[in-house]
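Asks: Mapping to the numbering used here: the sequence shown position 96 is 105, numbers consecutive. Before I ask anything, here is the structure I am working with.
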Amino acid sequence: MTGNEYADLIAAYLKSAYGGRGLQIYREVSLGKSVIGKNRRIDILAIDERTSKAIGVECKYQATAGTVDEKIPYTLQDLAALHIPAFVVYAGTGFSPGVLHLLEGSPLGAYCLPDVSLEPGANTIELDHLIATSFGFWDAVVRNKQTFDLELWKARNQKLLAGEERPRLNAGEERPRLNAGEERPKLPEKSAEPEPMGLLFGGTRTEGTD
10 MTGNEYADLI
20 AAYLKSAYGG
30 RGLQIYREVS
40 LGKSVIGKNR
50 RIDILAIDER
60 TSKAIGVECK
70 YQATAGTVDE
80 KIPYTLQDLA
90 ALHIPAFVVY
100 AGTGFSPGVL
110 HLLEGSPLGA
120 YCLPDVSLEP
130 GANTIELDHL
140 IATSFGFWDA
150 VVRNKQTFDL
160 ELWKARNQKL
170 LAGEERPRLN
180 AGEERPRLNA
190 GEERPKLPEK
200 SAEPEPMGLL
210 FGGTRTEGTD
């Protein structure tokens, strides 16, 4: 897979997964200046037609060791200088360990390698989370979750609510703080007489002479 083919795959995934929500996907869009003063062109521009919010996406694929490694630090710096949220989407086994660690640890990096179905899954979740937080597509994050059932919790904790038992602390948990009106134990008062300077710097105490 070439770099352009990978960018097309990411564009296809975004259109398939989020086009129905009003997300429009554009390829190879000129947008402002880079940090070294050149005209910047981003691989993908995604725009929510309902809100006009937009993000930029740079796509980096490296199957074998190559020059893409050298461009990653600059790419991250350049995207941070954009006036819209922008991210690096990456895949491939050719990244060096150092650059891979840089991408994995960056808030601007997202691993993504969709399969031919273009369905969301384990290999797209990092990009899905960036899309959700950027455009407010929260159902993409909680798609298999149910809202918290307060009535069910009350039914399971009737004794607790009635005051018949107290919540138990698990191992490692701190105990509750002092109740209102309780006083903390007083610390020993410090001596009002300061130590001689010699003691502060490792000297010995000597008695004064007439």
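Each residue gets a CB set at the ideal place from its N, CA and C atoms; glycine is no exception.
1) Nearest to residue 43 by alpha carbon, out of 152, 90, 106, 160?
2) Between 150, 53, 73, 17, which has its C-alpha nearest residue 95's C-alpha?
3) Taking the alpha-carbon positions, what's the residue 19 to residue 68 distance?
4) Name the one or two DSSP bridge partners that residue 100 has.
5) Would you mind reading off the limits of the beta strand (DSSP E) that contains residue 143?
6) Which residues does DSSP pair with residue 32 in a beta bridge?
7) Spatial neighbours of residue 136 within its chain, please: C-beta separation below 7 angstroms, excluding the five flanking residues on both sides.
8) With DSSP collapsed to three states, give me the class of residue 93.
9) Thinking residue 40 and residue 49 are a contact (beta carbons under 8 angstroms), I'd like their distance in whole angstroms, please.
10) Just mark residue 133 as buried or exposed, buried being the case when its beta carbon has 16 or more other beta carbons within 10 Å.
11) At the level of alpha carbons, what is the spacing between residue 57 and residue 170?
12) For residue 49, name the three-state secondary structure that DSSP assigns.
13) Note down the Cα distance separating residue 12 from residue 165, rounded to an integer number of angstroms.
14) Between residue 126 and the rest of its own chain, which residues show a CB-CB distance below 7 angstroms, the 5 nearest in sequence each way excluded?
15) For residue 27, which three-state DSSP category applies?
Replies: In this structure, then:
1) Relative to residue 43, the option among 152, 90, 106, 160 whose CA is nearest is 90.
2) Checked all of 150, 53, 73, 17; the closest Cα to residue 95 is 53.
3) Spanning the two alpha carbons is a distance of roughly 8 angstroms.
4) Note: residue 100 sits in a beta bridge opposite 70.
5) That residue, residue 143, is in no beta strand (DSSP E); its alpha helix (DSSP H) goes 134 to 144.
6) Paired residue(s): 57.
7) Cβ contact annotation for residue 136 (same chain, cutoff 7 angstroms, sequence separation greater than five): 98, 119, 121, in chain order.
8) Correct three-state label for residue 93: coil.
9) Indeed they touch by this definition, with Cβ atoms about 6 angstroms apart.
10) By the 10 Å Cβ count, residue 133 comes out buried.
11) Rounded to the nearest angstrom, the two C-alpha atoms are 46 angstroms apart.
12) Here residue 49 sits in strand by DSSP.
13) Cα-Cα distance, rounded: 54 angstroms.
14) Excluding residues within five positions, none has a Cβ falling inside 7 angstroms.
15) In the structure shown, residue 27 sits in a helix (DSSP, three-state: H, G or I).
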